[in-house]
Amino acid sequence: MKTKHWLVFITLGAIWSSSFLWIKIGVQDIGPMALTAFRMLLGAITAVAIGIFQKVQWPRDLRTWVIFGILGPTSLAIPIFFISWGEQTIDSAVASILNATVPLFTIVIAHFMLHDDKMTVQKVTGLLIGFAGVVILLSKDLTAGAHNSVIGQAAVILASLFYAGSAVFARKLTQHVQDTVRGAMPLITSAIFMWAVGPLAEKPFE
């Protein structure tokens with residue numbers, strides 16, 4: 005890759021990894037449900053503004069809205085909530101490492117759901133090494149009986165499973181949608197979902 009590509013890659017990695025630290029800080033004050041809802045709202049507003057600026061064509065057919073009505077919560081709202089909830093009992097660094105299991109789950113799900121993305125020896129080898137790393141990471145708390153920490157770690161791994169599954173299904177079902185819209189729609193439907201569910205589930209909304 006060119007130098008500029010490496011710089012973009014490193015910058016994105018830094019932004020992605022630092023988000024777990026900010027989640028850890030934010031969840032202590034407003035709770036995982038409210039934190040997720042506000043993140044989705046801010047993201048949706050930003051995405052809609054970009055879409056308007058670019059004059060994109062928003063979907064008008066019911067099928068596309070139904071697809072994103074499911075993909076939005078499962079690809080953003082639900083996994084981000086699980087990560088936020090899990091970080092109440094685990095370190096942000098642990099959460100970021102566990103979230104790196106997304107490619108492992110993606111390999112398995114894609115093998116069964118996509119005809120053009122099957123497992124190879126290299127992928128399986130990477131999968132086994134990756135899961136071995138997760139087991140090593142969890143082993144200390146498992147042997148020590150740290151119940152709350154294990155539950156928090158399990159929540160983050162579950163979030164990774166949601167990320168992986170929704171990514172595969174998004175590739176399968178949203179190829180007909182413009183890229184900007186494909187990025188904005190999950191944020192919009194996630195914001196609607198969280199602000200419909202959040203006030204019923206957590207006191208900071210009161």
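Residue numbers (our numbering): 5 to 210. All C-beta atoms, glycine included, are put in the ideal place defined by N, C-alpha and C.
Practice task
Would you mind reading off the limits of the alpha helix (DSSP H) that contains GLY73?
Solution key: Taken as a continuous stretch (DSSP letters only), the alpha helix (DSSP H) holding GLY73 covers 66 to 76.
Handout entry: Contact with chain B by LEU45, beta-carbon distance below 9 Å
Key = Looking at the structure shown, chain B is missing, and only one protein chain is on hand.
Practice task
Determine the DSSP secondary structure at PRO83, reduced to helix, strand or coil.
Solution key: helix
Practice task
Report buried or exposed for ARG43, applying the criterion of at least 16 other Cβ atoms within 10 angstroms of its Cβ.
Solution key: buried
Handout entry: Rounded C-alpha distance that separates SER170 from PHE197
Key = 16 Å
Handout entry: Three-state secondary structure assigned by DSSP to LEU118
Key = coil
Practice task
Take ILE94 as the anchor and find which of THR68, PRO63, ALA159, LEU165 has the nearest alpha-carbon.
Solution key: ALA159
Exercise for the section: Put GLY90 into one of helix, strand or coil per three-state DSSP. Expected result: helix
Exercise for the section: For ILE27, collect the residues of the same chain with a Cβ closer than 6 Å to its Cβ; drop the 5 residues on either side in sequence, then sort them by chain order. Expected result: SER88, GLU91
Exercise for the section: Report the rounded CA-to-CA distance for LYS127 versus ILE111, giving the unit in angstroms. Expected result: 7 Å
Problem - Same chain, Cβ closer than 7 Å to ASP183, neighbours up to 5 away in sequence not counted - result: none
Problem - As assigned by DSSP and simplified to three states, the class of THR178 - result: coil
Problem - Exposure of ILE82, with buried meaning 16 or more beta-carbon neighbours within 10 Å - result: Counting Cβ neighbours within 10 Å, ILE82 comes out buried, since at least 16 surround it.
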